[in-house]
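Numbering (our numbering), first residue to last: 3 to 972.
Each residue gets a CB set at the ideal place from its N, CA and C atoms; glycine is no exception.
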């Protein structure tokens, strides 16, 4: 195949070798080189020997010298026929049905020099199929094929030898070859022929990018001992102007282009562009077409738009509303905007006829455009503050992203209007100059837009109390007036409006003033000074009071506020308490990659070295390797890779585990080192746990740990689960297989990849999006109602506790899942493992309380285990010999496990075991007799399953204890 290769070295091919091979036969009457025909009468060449009529045969056949080439290890394939000794009549000698294969390493050809003792035996070759005289007559020879491995080889060449010790055998084919990883091209990188160095490790081979490509990530692959390429890492990308074709980078054809580094195909030139040469990076624009600086190479070339159409003007005194239609041709772009240029022109009438020399100048700066004069996206604009009875020309131009590149092609539409006569704008600024008991002097500014010559001003005033029922009007030519005949100490309201030939303008805002009282008359300047002083004093007093109130409230709030009442926001709108970490479900993020980058550190793939593949995960391969970060010590890590061809959902699910792990920081939770998401393959990098999963580790070291060591492991698991519970995280798959153990026997909770959201499909009663619910480890309410809480994790912890104390035994043994559900629902609980301390078995029973509120919290579990570690003597009392557990455990409010009062009760208690039929007809005279029953005795009566054996023996001991100490929980 393309992924591996077998390189042939030599030797004998029966149908191809028609001439003599020149192999040495010793003695001369032993092996013979013979030509013959096969069953199809095709000529073949073989070596045969059949001296079965003579005693003490020792016939040798040696090949020519075979150069080793680059092989470290060779394979010898033998095809031969061998006659059944029983089918040979009148055998006088000793007939054999085997022969020996041997070899000799040398650095040069030794010619005919031949010494038997120099050869080393490879193996004795026996036939799977032998032929008889009948087969020989029918010409149906049963061909045997045997392959043997030889190596490692160190010298330049070798000989093969075949030793016959009295068989009737014919060598039909001898094929010598070695395995290698063949030359290949992967991810646009070439990998040369590579011969494995030895039989124990992978060979890392660096690839070389094909011509016209560059490395995105250094390409590497591993050559296995079987001559197979494994674990492609890194890749090359075709240069701009080149595309990937047949594992090479070839130039884009004429009419196509590629502007960026990558393995995308060349693209056809977009409209109104061309490329006349191969390998084009972009396509040039046709005449009168352009591409803006920010336009991508994939965008069509465009041109400036045509002029706006159908310009309409609506004049309202000194303002005008301009409205127009979109250009007929937008130039092929969507970024069309409009600009309006205002000009004040003389010698041009409103109908456009020229009345003399045209003189145009830009409009005054105070002319207002609503919403603006340039960059308009809509086709309407209002122009205000124009002069009355004045001619204006407006030029409306359509622009797009390439208009600046073709100034000669720019077009606009123009419209000329004449404004109407307009009344002046309102007076806005009125000042009080002098006040007395019966008069007041006022002044004001000319309106901002007089719109002609102001003829006079109308001043209207009245007493505030009379509310305009009686008012007085005066007229003034200038911008000041003195009002006489006023009442003293009275408030007045006043409005002013200007008049031109077009009539009165709008009135000013109402202005209020007061005359002086009878005993007080002061100049305007003096009154202003007094008012300023009074106002300043009042402002200072108010400011002081305000500051005092604010400071007092701030201090009171700071003192009264409890620290727990302060809230901090944490990413994606989630609230967190200061100093308390809370788990955030990554599935609540609209963009899951945001969660990954928020909680997990992005690693550079160049800092990761993969050593070997250690297994396969759900999404790809699992490897061990090393991580070397800048300025940090190199560490061993575990690496999960995402296999190629993944979907977006698979990538999100793969990285979801990293989003979860990245939130945890605890010595008993597997530590996430980081992720690789910006290059391929996508990886999750965690700390390396040397001893693997807890269940297989315990089975491998059955009964090799002390009770304190086991409790220490359990304490670590409980501590990690307490941390997760405090964060509000529910594991849902706590089991010994998901606990990892390092070289120091530290246990760490792992496997956060399962979905934490159950399906709504009622048919999938025991299924989550992450797979089947682990029935044997799951609490009843979680199975029945999908109520997953920290309490259901506590149930699972009880099962883990049982697994640890039984050294990795399968919970509920060979019972089916449905039987487990039924038995647990009826009150059955796992019996204590052999030699299990009573305190630990009581903790298991506490964790398996049917009412979830009665189960211990992980904080309580940690406390219990700490007491046991401080008091090792309590572990010596086993659950099989005590009537009640020690007082170190929690008091349980629920009913106790049923106890056995009589032997008949005990026999009834065996009803839950699959072997209960074995006791039918078995007679036991007393509890003493039963207590002495061994596992061997149980086998005799048909109880052969290990799990029930252990339960029965434990129960018998408990029953014996019952007769002396009272009821014992079973």
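Straight-line gap, residue i to residue j (C-alpha atoms, nearest Å)
| i | j | result |
| --- | --- | --- |
| residue 175 | residue 48 | 8 Å |
| residue 274 | residue 613 | 54 Å |
| residue 821 | residue 737 | 20 Å |
| residue 339 | residue 408 | 16 Å |
| residue 32 | residue 64 | 12 Å |
| residue 591 | residue 754 | 18 Å |
| residue 748 | residue 700 | 13 Å |
| residue 336 | residue 330 | 13 Å |
| residue 863 | residue 222 | 49 Å |
| residue 78 | residue 132 | 21 Å |
| residue 14 | residue 808 | 59 Å |
| residue 588 | residue 857 | 29 Å |
| residue 692 | residue 54 | 59 Å |
| residue 193 | residue 208 | 7 Å |
| residue 258 | residue 190 | 21 Å |
| residue 479 | residue 444 | 13 Å |
| residue 752 | residue 602 | 16 Å |
Beta-bridge pairing of residue i - partner residues as DSSP gives them
| i | result |
| --- | --- |
| residue 133 | 85 |
| residue 219 | 237 |
| residue 482 | 445 |
| residue 37 | 47 |
| residue 383 | 324 |
| residue 305 | Note: residue 305 sits in no beta bridge, so no partner. |
| residue 79 | 149, 177 |
| residue 981 | No statement about residue 981 is possible, as the shown extent of the chain runs from 3 to 972 and does not include it. |
| residue 102 | 126, 165 |
For residue i, the three-state DSSP class (helix, strand or coil)
| i | result |
| --- | --- |
| residue 904 | For residue 904, the pLDDT reaches just 43, beneath the cut-off of 50, and the residue's location in the model is therefore unreliable, leaving the point undetermined. |
| residue 419 | strand |
| residue 398 | strand |
| residue 794 | helix |
| residue 45 | strand |
| residue 806 | helix |
| residue 639 | strand |
| residue 431 | coil |
| residue 697 | helix |
| residue 291 | coil |
| residue 778 | helix |
| residue 724 | helix |
| residue 984 | It is not possible to answer for residue 984, since the shown part of the chain is limited to 3 through 972. |
| residue 253 | strand |
| residue 659 | helix |
| residue 866 | helix |
| residue 370 | strand |
Per-residue burial, residue i [other beta carbons within 10 Å of its own, 16 or more giving buried]
| i | result |
| --- | --- |
| residue 168 | buried |
| residue 463 | buried |
| residue 655 | buried |
| residue 493 | exposed |
| residue 538 | exposed |
| residue 46 | buried |
| residue 1 | Lying outside 3 to 972, the shown extent of the chain, residue 1 is not represented and no answer is given. |
| residue 638 | exposed |
| residue 622 | buried |
| residue 497 | buried |
| residue 735 | buried |
| residue 840 | buried |
Worksheet item: Does the region 100–118 touch the region 156–170, meaning 3 or more C-beta pairs lie closer than 8 Å?
Response: yes
Worksheet item: Is it a yes or a no for the region 250–259 touching the region 308–327, going by three-plus beta-carbon pairs under 8 Å?
Response: no
Worksheet item: Given 8 Å as the limit, is there contact between the region 496–512 and the region 420–428, that is, 3 or more CB pairs closer than that?
Response: yes
Discussion item. Tell me whether the region 273–293 and the region 239–246 touch, counting them as touching only if at least three CB pairs, one residue from each stretch, are closer than 8 Å.
Written reply: yes
Discussion item. Under 8 Å: do the region 105–119 and the region 198–212 share three or more Cβ pairs, one atom per stretch?
Written reply: no
Fill in: Inter-stretch contact at 8 Å, needing at least 3 Cβ pairs: the region 230–238 / the region 143–157
no
Worksheet item: Using 8 Å as the threshold, is the region 291–302 in touch with the region 429–438, meaning 3 or more CB pairs across them?
Response: no
Worksheet item: So does the region 712–728 actually touch the region 868–882, counting three or more Cβ pairs closer than 8 Å?
Response: yes
Discussion item. Across the region 793–812 and the region 660–670, are there enough close Cβ pairs to call them in contact, namely three or more that are closer than 8 Å?
Written reply: no
Worksheet item: Does the pairing of the region 841–859 with the region 782–795 give three or more beta-carbon distances under 8 Å?
Response: yes
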